[in-house]
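Engineer: Please read through the structure below; I'll follow up with questions.
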Amino acid sequence: MLSGDKASDNKGDQAGTLSWPQSVARTLVLNQLAKLPHGGLRIDEPDGNTVMLGNSAQSHDPGHIVLADWRTYGMMMSGGALGAAEAFMEEGWSSPDLVKVIRYFAANVDAMQALEGGFASLSKPALKMLHRYNRNSLQGSRRNISAHYDLGNDFFSLFLDRTMMYSSAVFPHPEASLEDASVHKLDLICQRLQLQPGMTLLEIGTGWGGLALHAAQHYGVTVTTTTISREQARYARAQVADAGLGDRITILENDYRELTGQYDRVVSVEMIEAVGAEFLPGYFDVLGKRLKPEGLLLIQAITVPDQRYDYALKQVDFIKRYIFPGGFLPSVSVMCDNLTRHTRLVATELHDIGHDYALTLNHWRQRFHGALSRIRELGFDERFVRMWEYYLCYCEGAFLERAISTVHLVAAGPAYRPSLQA
Numbered sequence: 013m014l015s016g017d018k019a020s021d022n023k024g025d026q027a028g029t030l031s032w033p034q035s036v037a038r039t040l041v042l043n044q045l046a047k048l049p050h051g052g053l054r055i056d057e058p059d060g061n062t063v064m065l066g067n068s069a070q071s072h073d074p075g076h077i078v079l080a081d082w083r084t085y086g087m088m089m090s091g092g093a094l095g096a097a098e099a100f101m102e103e104g105w106s107s108p109d110l111v112k113v114i115r116y117f118a119a120n121v122d123a124m125q126a127l128e129g130g131f132a133s134l135s136k137p138a139l140k141m142l143h144r145y146n147r148n149s150l151q152g153s154r155r156n157i158s159a160h161y162d163l164g165n166d167f168f169s170l171f172l173d174r175t176m177m178y179s180s181a182v183f184p185h186p187e188a189s190l191e192d193a194s195v196h197k198l199d200l201i202c203q204r205l206q207l208q209p210g211m212t213l214l215e216i217g218t219g220w221g222g223l224a225l226h227a228a229q230h231y232g233v234t235v236t237t238t239t240i241s242r243e244q245a246r247y248a249r250a251q252v253a254d255a256g257l258g259d260r261i262t263i264l265e266n267d268y269r270e271l272t273g274q275y276d277r278v279v280s281v282e283m284i285e286a287v288g289a290e291f292l293p294g295y296f297d298v299l300g301k302r303l304k305p306e307g308l309l310l311i312q313a314i315t316v317p318d319q320r321y322d323y324a325l326k327q328v329d330f331i332k333r334y335i336f337p338g339g340f341l342p343s344v345s346v347m348c349d350n351l352t353r354h355t356r357l358v359a360t361e362l363h364d365i366g367h368d369y370a371l372t373l374n375h376w377r378q379r380f381h382g383a384l385s386r387i388r389e390l391g392f393d394e395r396f397v398r399m400w401e402y403y404l405c406y407c408e409g410a411f412l413e414r415a416i417s418t419v420h421l422v423a424a425g426p427a428y429r430p431s432l433q434a
């Protein structure tokens, strides 16, 4: 509930008088936020007024929003959660702890659906049409991948570690460095695939080549890896040449639907999110056909809970709109269902590493903050910086509240037989 059952009226002169439309928007938004059952939220308004939301017993350490512009309420009323993100990008509000604010909303994810109704629903047809334009056809996939991953290798190198892994690390202990956790993740993938010298490995989604290099250098396999990002392909080829592994690593720039041949092992690390729900059957069909019958497959995927999959699929949130055009999140059951329906593979292992992603994002965010001057020197403006700040906090908070997670799904071909050796 609102502190004192309603918002205080101790409005000063700092920001002038609310216009009538802004006052209506304020009332509607605060009334909706007051219904959120978990945690607390403090809003410092432009005129010095403070609004406290949530049960007092839960509000000892509330999320904290500092409103700089009354128009933020209107953006939230008309755009819901996406409107709030856009207001942040436009400097309409800030927070001393943005992750805590995101966690507040993530903890209330089911109740937040009400905020997405009303006036906020009016913008959804246009957003869905725009998202439909970003469908992951052969041509659309290249455009969507380029929009994010071709921001420039110099940019990504400023906050990723030396391995250039842009996916969840796995921390052997909470104090491990980001690089150690990234290497540990690479080893886990290789071990879960039971890689042996002389095997062939197909990687769908090269990234900057970290997994291909690690598998070839430390596990003696021959790797074929593909990406549809020009920037990533250029960087990965240079890394392979510098390591003298040109005879063991082949880098393609083919869409996964264009691949041929069969391999002992197949791996795809956080690439499934760029496939799109309508293309998921075809994606799994390719995985099944590219893997030898006695082989193993590993998918690292960001997932949404099964119970929320259908709802999330219909929404165009901040990530889909501004960060990953064409993106979507599968659920574990959706992946397993497609594995069953479109391949002869059988799931053998499932490992949840969602909390590790929260730690990974925290490291990325700290490194991002430490490189702000260099990021601006690359030509990125303040709106871009705030968009990425929101993106990193948005994801970290969602993982901490388990609104989303990340898994390693391992599957075996019909002729696979595990070793009986200890």
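For the sequence shown, my numbering begins at 13 and goes up steadily by one.
Virtual Cβ for every residue (Gly too), placed ideally from N, Cα, C.
1) Rounded to the nearest angstrom, what separates residue 261 and residue 189 at their Cα positions?
2) Reducing DSSP to helix, strand and coil, say where residue 434 ends up.
3) Looking at the strands, I want to know which residues DSSP matches up with residue 334.
4) Three-state secondary structure (DSSP) at residue 305?
5) What do you get for residue 10, buried or exposed, if any count of 16 or more other CB atoms within 10 angstroms of its CB means buried?
6) Hey, would you say residue 285 sits closer than 7 Å to residue 331, going by beta carbons?
7) By the three-class DSSP mapping on this structure, what secondary structure does residue 56 have?
8) Who are the Cβ neighbours of residue 279 in its own chain at under 6 Å, not counting the five residues just before and after it?
9) Hey, does residue 268 have any beta-carbon neighbour from chain B nearer than 7 Å?
10) Strictly by DSSP, which residues pair up with residue 238?
11) Where do the N-terminal and C-terminal ends of the alpha helix (DSSP H) with residue 50 fall, by residue?
12) How many Å lie between residue 400 and residue 387 at the Cα?
13) Count the other CB atoms within 10 Å of the CB of residue 76; is the residue buried (16 or more) or exposed (fewer)?
14) Taking C-beta to C-beta, are residue 225 and residue 277 nearer than 7 Å?
15) Quick one: measure Cβ to Cβ for residue 181 and residue 207, integer angstroms, because I've assumed they're closer than 8 Å.
16) How long is the line joining the alpha carbons of residue 165 and residue 34, rounded to whole angstroms?
17) I need the boundaries of the alpha helix (DSSP H) containing residue 399, first residue and last residue.
18) Determine the direct distance from the alpha carbon of residue 124 to that of residue 57, and round the result to whole angstroms.
19) Is it right to say residue 368 is buried, meaning 16 or more other beta carbons lie within 10 angstroms of its own, or is it exposed?
20) Do you know whose CA, among 209, 362 and 196, lies nearest residue 418's CA?
21) Taking the continuous alpha helix (DSSP H) assigned at residue 226, which residues delimit it?
22) Please name the residue or residues paired with residue 124 in a DSSP beta bridge.
23) Restricting to Cα atoms, I'd like to know which of 409, 219 and 232 is closest to residue 240.
24) Which residues in the same chain have their Cβ closer than 7 Å to the Cβ of residue 105, if we skip the five residues on either side of it in sequence?
25) For the alpha helix (DSSP H) that contains residue 196, what are its first and last residues?
26) Can you tell me whether residue 375 is buried or exposed? The criterion is at least 16 other CB atoms within 10 Å of its CB, across all chains shown.
27) Residue 346 and residue 321: beta carbons closer than 7 Å?
28) Can you list, in chain order, the residues of its chain whose CB lies under 7 Å from that of residue 339, leaving out five sequence neighbours each side?
29) With residue 114 as the anchor, note down where its alpha helix (DSSP H) starts and where it stops.
30) Going by DSSP, what residue range makes up the alpha helix (DSSP H) through residue 166?
31) Can the beta-carbon of residue 373 be found less than 7 Å from the beta-carbon of residue 404?
32) So, is residue 350 buried or exposed, given that buried needs 16 or more other C-beta atoms within 10 angstroms?
33) Can you name the residues that DSSP bridges to residue 364?
34) Put residue 369 into one of helix, strand or coil per three-state DSSP.
35) In the DSSP assignment, find the unbroken alpha helix (DSSP H) run with residue 349 in it and report its ends.
36) Report the residue from 176, 198, 352 and 223 whose alpha carbon sits nearest the alpha carbon of residue 423.
Structural biologist: Per the coordinate set shown:
1) As a working note, residue 261 is residue 249 in the sequence shown. As a working note, residue 189 is residue 177 in the sequence shown. The alpha-carbon atoms of residue 261 and residue 189 are separated by roughly 28 Å.
2) Here residue 434 refers to the residue found at position 422 of the sequence shown. At residue 434, the pLDDT of 42 sits below 50, so the modelled position is not reliable and the matter cannot be decided from this model.
3) For the purposes of this step, residue 334 is taken as the residue at position 322 of the sequence shown. Paired residue(s): none; residue 334 is not in a bridge.
4) On the sequence shown, position 293 is the one that residue 305 refers to. When secondary structure is reduced to three states using DSSP, residue 305 falls in the strand class.
5) Residue 10 lies beyond the stretch modelled for the chain, which goes from 13 to 434, so this question has no answer here.
6) Position 273 of the sequence shown, counted from the first residue, corresponds to residue 285. Position 319 of the sequence shown, counted from the first residue, corresponds to residue 331. The answer is no: Cβ separation not under 7 Å.
7) Counting from one through the sequence shown, the residue named residue 56 turns up at place 44. It is a strand residue.
8) Mapped onto the sequence shown, residue 279 falls at position 267. Once the five neighbours on either side are set aside, the close Cβ partners of residue 279 are 215 and 310.
9) Any reference to chain B falls outside this structure, which holds one protein chain only.
10) If you number the sequence shown from 1, residue 238 lands on position 226. According to DSSP, residue 238 bridges with 216 and 264.
11) On the sequence shown, position 38 is the one that residue 50 refers to. It is not in any alpha helix (DSSP H) - residue 50 carries neither H nor E in the DSSP assignment.
12) If you number the sequence shown from 1, residue 400 lands on position 388. If you number the sequence shown from 1, residue 387 lands on position 375. Distance between the alpha carbons of residue 400 and residue 387 is about 11 Å.
13) As a position in the sequence shown, residue 76 is number 64, starting the count at 1. Residue 76 is buried by the Cβ-count criterion.
14) Here residue 225 refers to the residue found at position 213 of the sequence shown. Here residue 277 refers to the residue found at position 265 of the sequence shown. For residue 225 and residue 277, no; Cβs fall outside 7 Å.
15) Stepping through the sequence shown from its first residue, residue 181 is reached at position 169. Stepping through the sequence shown from its first residue, residue 207 is reached at position 195. In fact, because the Cβ distance is near 19 Å, the residues do not count as touching under 8 Å.
16) For this step, residue 165 is matched to residue 153 along the sequence shown. For this step, residue 34 is matched to residue 22 along the sequence shown. Using only the alpha carbons, I get a separation of about 43 Å.
17) Numbered from 1 along the sequence shown, position 387 holds the residue referred to as residue 399. Its alpha helix (DSSP H) spans residues 394-412.
18) By one-based count along the sequence shown, residue 57 stands at place 45. By one-based count along the sequence shown, residue 124 stands at place 112. Using only the alpha carbons, I get a separation of about 22 Å.
19) Here residue 368 refers to the residue found at position 356 when the sequence shown is read from its first residue. It is buried - the Cβ of residue 368 has at least 16 other Cβ atoms within 10 Å.
20) Residue mapping note: residue 418 aligns to position 406 of the sequence shown, counting from 1. Nearest option by C-alpha distance: 362.
21) Counting from 1 along the sequence shown, the entry for residue 226 is found at position 214. Counting along the chain, the alpha helix (DSSP H) containing residue 226 begins and ends at 222-231.
22) Position 112 of the sequence shown holds residue 124. The partner list for residue 124 (beta bridge, DSSP) is empty, contrary to what the question assumes.
23) Walking along the sequence shown from the start, residue 240 turns up at place 228. Ranking 409, 219 and 232 by Cα distance to residue 240 puts 219 first.
24) The residue you call residue 105 lines up with position 93 of the sequence shown. If we look at residue 105 and ignore the five residues flanking it on each side, its Cβ neighbours are 77, 78, 79, 80, 84 and 99.
25) Counted from its first residue, the sequence shown places residue 196 at position 184. That run of the alpha helix (DSSP H) goes 190-204.
26) The sequence position of residue 375 within the sequence shown is 363, counting from 1. Residue 375 is buried by the Cβ-count criterion.
27) As a working mapping, residue 346 is identified with position 334 in the sequence shown. As a working mapping, residue 321 is identified with position 309 in the sequence shown. Yes, Cβ-Cβ distance for residue 346 and residue 321 is below 7 Å.
28) In the sequence shown, the residue the question calls residue 339 occupies position 327. Taken in chain order, the residues that qualify are 285, 286, 331 and 332.
29) Working through the sequence shown from its first residue, we reach residue 114 at position 102. Where residue 114 is concerned, the enclosing alpha helix (DSSP H) stretches over 110-119.
30) Counting from 1 along the sequence shown, the entry for residue 166 is found at position 154. Unbroken alpha helix (DSSP H) run through residue 166: 165-169.
31) Position 361 of the sequence shown, counted from the first residue, corresponds to residue 373. Position 392 of the sequence shown, counted from the first residue, corresponds to residue 404. Yes, they are a contact pair.
32) Here residue 350 refers to the residue found at position 338 when the sequence shown is read from its first residue. So residue 350 ends up on the buried side.
33) Locating residue 364 in the sequence shown gives position 352, counting from the first residue. 419.
34) One-based indexing of the sequence shown puts residue 369 at position 357. DSSP places residue 369 in the helix class (H, G or I) of the three-state scheme.
35) If you number the sequence shown from 1, residue 349 lands on position 337. Looking at the DSSP string, the run of the alpha helix (DSSP H) that includes residue 349 is 344-354.
36) Locating residue 423 in the sequence shown gives position 411, counting from the first residue. Taking only the C-alpha atoms, the option nearest residue 423 is 352.
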